[in-house]
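A.B. asks:
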Amino acid sequence: MKMITLVAALLVSATTFAARPKFDSAHTVALDGTITDGKIVTSYPNSWSVKREIKEQLMYSIGQLNGLDGGSPDMNRLEISVGQSRQLENGLYEVTYAAKLFIAWPLSVGVPRSYNLLVPARGDYASLEKFFKAYGSDENSTKKCLAWEAHDVSSGIFWYYYRPNKYSCPLNTMNTEESELVKNIQIQLTKSDKNTTGKFPEYGKIWEDNKLVSTLIFGKAEENAQTEYDAGVKAYKDTVNALLKKFGKPVTTNVEFKYNTYYRQFMLDTALTNPTVEMTFDLGEGKTLDVALFLIEGIRVAGYDFVEKYNQRTLNSDYISYSGHSGLGANIRALAGMGEFEKDQYQIFLINGCDTFAYVDDALRNAHAAVNPEFGKDKFVDVITNAMPSYFHMNQRSNMTIINALVEQTKTYKQILAGFDVN
3 MKMITLVAAL LVSATTFAAR PKFDSAHTVA LDGTITDGKI VTSYPNSWSV
53 KREIKEQLMY SIGQLNGLDG GSPDMNRLEI SVGQSRQLEN GLYEVTYAAK
103 LFIAWPLSVG VPRSYNLLVP ARGDYASLEK FFKAYGSDEN STKKCLAWEA
153 HDVSSGIFWY YYRPNKYSCP LNTMNTEESE LVKNIQIQLT KSDKNTTGKF
203 PEYGKIWEDN KLVSTLIFGK AEENAQTEYD AGVKAYKDTV NALLKKFGKP
253 VTTNVEFKYN TYYRQFMLDT ALTNPTVEMT FDLGEGKTLD VALFLIEGIR
303 VAGYDFVEKY NQRTLNSDYI SYSGHSGLGA NIRALAGMGE FEKDQYQIFL
353 INGCDTFAYV DDALRNAHAA VNPEFGKDKF VDVITNAMPS YFHMNQRSNM
403 TIINALVEQT KTYKQILAGF DVN
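Below, the structure is given as structure tokens:
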């Protein structure tokens, strides 16, 4: 076993203690990005504050790479080395730095030897506010440097919707050497040795007890939504009904399903009155599928009852998924801090929110290492993430693609991920 980071795309890990997880994907390739001559302007040239501001500066690479039809950096793997500083005539300091990024690059776009990142010249709050007002405050009009779907944009989240390569964005033709707001930073790109292929889920480990235990969490699109038409509610309901269509009437369940004569199957009538659905299916040959689905307002506001059930389920779940808002990383960090894990229990996680490749940290790996200290972080967990925004209507297909593959036990991770929506 190993760990994988799948980027709708997958991350697959090595078994050594210090190794970073490896990578597999049907839609992207992993690249090592190297910055040798980075520059940032700051008021305080001490290493700690400069590193923090450089990270804020490079957050804008998420939006720019998203604009390439599926690219994203893994900010958890960002490495920064602060170089020399020189005082400018205005009393500020320009600091040089080197950095390394791990990038998911779309296969649909050829890989250049280098790529220019157009990023804010500074990383402090006041300067980022100026950068936003200059290039991101036209949400309700032209959206010159914003993604077309951008909404409720502020300086704090501008980096997510930032699209400097749009034909309408003035940054495309600007002489950045003369700008106080923008830096043009060149990043060298090479194919990473973390790419892998021909990797399978640990089918033997999953089925050693003749049972596939799956725990699926769905967040609402709008917190406190009380309509079946909420996109998150619908994704939850669609997944329940897809399971019923695929595997038939469950042997055991906590919900009374109605038979729909038009669709010729049992179906969940209403999702809001059934926020927890537990089902066991007989797959034949002594094998069963045990699945529990939870509809919640959001990870950070989930109640004690859900957390208690989730923690109990994670002890023996083979497949765990979260489908909902990433909250620009906050929901993903909250999810990673939950759960209880059992020694020798191999698990696959699908973290199915927007740009989760950029946000997922080592929390899940560390949790598995804590109960399996002799094997390191990666032997008992594979993590699937997204390198682009993920939409609620895709959630049913993503979950069913994985469950069907785990039942059939024939596909590699790359073949499984090929069944995911590209965008």
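Quick note: the sequence shown uses my numbering, first residue 3, plus one each step. A virtual CB, placed ideally from N, CA and C, is assigned to each residue, including glycine. Small disclaimer: the values here were computed from a predicted structure and weren't measured.
1. Using only CA atoms, which one of N197, M77, D34 lies nearest to A28?
2. Can you tell me where the alpha helix (DSSP H) holding G206 begins and where it ends?
3. Jot down the residue ranges of each uninterrupted alpha helix (DSSP H) in the stretch 101 to 176, minimum 4 residues, whole runs only, in chain order.
4. State the Cα-Cα distance for the pair T18 and G378, rounded to the nearest angstrom.
5. Report, in whole angstroms, the separation of the C-beta atoms of R367 and D380, which I expect to be a contact under 8 Å.
6. Would V84 pass as a contact of I187 if the rule is Cβ separation under 8 Å?
7. Mind checking whether F296 and P252 have CB atoms under 8 Å apart?
8. What distance in whole Å lies between the Cβ atoms of Y162 and Q66, which are believed to be in contact at a cut-off of 8 Å?
9. Is the distance from the Cβ of T263 to the Cβ of E280 below 8 Å?
10. Do you know offhand how far N429's Cα is from K345's?
11. At which residue ranges does the stretch 271 to 324 contain complete beta strand (DSSP E) runs of 3 or more residues, listed in the order of the chain?
12. Any idea which residues DSSP pairs G40 with across the strands?
13. Starting from T217 and walking both ways along the beta strand (DSSP E), at which residues does that stretch end?
14. Pull up the DSSP beta-bridge partners for Q349, would you.
15. Quick one: Cα of T38 to Cα of M396, how far?
16. Check the DSSP bridge columns for P75 and list the partner residues they point to.
17. Cα separation between M402 and G355?
18. Taking the beta strand (DSSP E) that R266 falls in, what are its first and last residues?
19. So I322 and S328 are supposed to be a Cβ contact under 8 Å. How far apart are they, rounded?
20. Flag this pair as yes or no: are the beta carbons of E225 and E299 separated by less than 8 Å?
21. Using CA coordinates, which residue listed in Q228, A237, Y127 is at the minimum distance from L183?
22. Looking at the structure shown, is V31 part of a helix, part of a strand, or coil, going by DSSP?
23. Given a cut-off of 8 Å on the beta-carbon distance, is the pair T358 and G200 in contact?
24. Give me, in chain order, the residues of the same chain whose beta-carbon lies closer than 6 Å to that of R399; leave out the 5 immediate sequence neighbours on both sides.
25. Compute the beta-carbon to beta-carbon distance between I189 and G305, rounded to the nearest angstrom, for a pair I have assumed lies under 8 Å.
26. In the DSSP assignment, find the alpha helix (DSSP H) that holds L337 and state where it starts and stops.
27. Just the C-alpha distance for T387 and Y324, rounded to the nearest angstrom, thanks.
28. Can you give me the Cβ contacts of V43 inside the same chain, cut-off strictly under 6 Å, excluding the 5 residues immediately before and after it?
29. Note down the Cα distance separating S116 from D363, rounded to an integer number of angstroms.
30. To the nearest angstrom, how far is it from the Cα of N174 to the Cα of Y137?
31. By alpha-carbon positions, which one of Q314, L218, A273, N212 ends up nearest to E287?
32. Name the DSSP bridge partner or partners of F202?
33. Return the residue from the list N118, M61, L419, V215 that minimises the CA-CA distance to L80.
34. Cα separation between V303 and W107?
35. State the start and end residues of the unbroken beta strand (DSSP E) segment that holds L191.
36. Taking the alpha helix (DSSP H) that D240 falls in, what are its first and last residues?
C.D. replies: Per the coordinate set shown:
1. N197
2. 205 to 208
3. 127 to 137, 160 to 163
4. With a pLDDT of 34 at T18, under the threshold of 50, the modelled position of this residue cannot be trusted, and the question is left open.
5. 6 Å
6. no
7. no
8. Actually they are not in contact, since the Cβ atoms of Q66 and Y162 sit about 11 Å apart, beyond 8 Å.
9. no
10. Here the chain has residues from 3 to 425 only, and residue 429 is not among them.
11. 278 to 286, 289 to 298
12. Y99
13. 213 to 221
14. V383
15. 39 Å
16. I105
17. 16 Å
18. Careful: R266 lies outside any beta strand (DSSP E) and carries neither H nor E.
19. Their Cβ separation, rounded to whole angstroms, is 16 Å, which puts I322 and S328 out of contact at 8 Å.
20. yes
21. Y127
22. strand
23. no
24. none
25. Wrong, their Cβ atoms sit about 44 Å apart, outside the cutoff.
26. 332 to 338
27. 10 Å
28. L94, E96, A123, R124
29. 26 Å
30. 12 Å
31. N212
32. According to DSSP, F202 bridges with nothing at all.
33. M61
34. 34 Å
35. 184 to 193
36. 233 to 249
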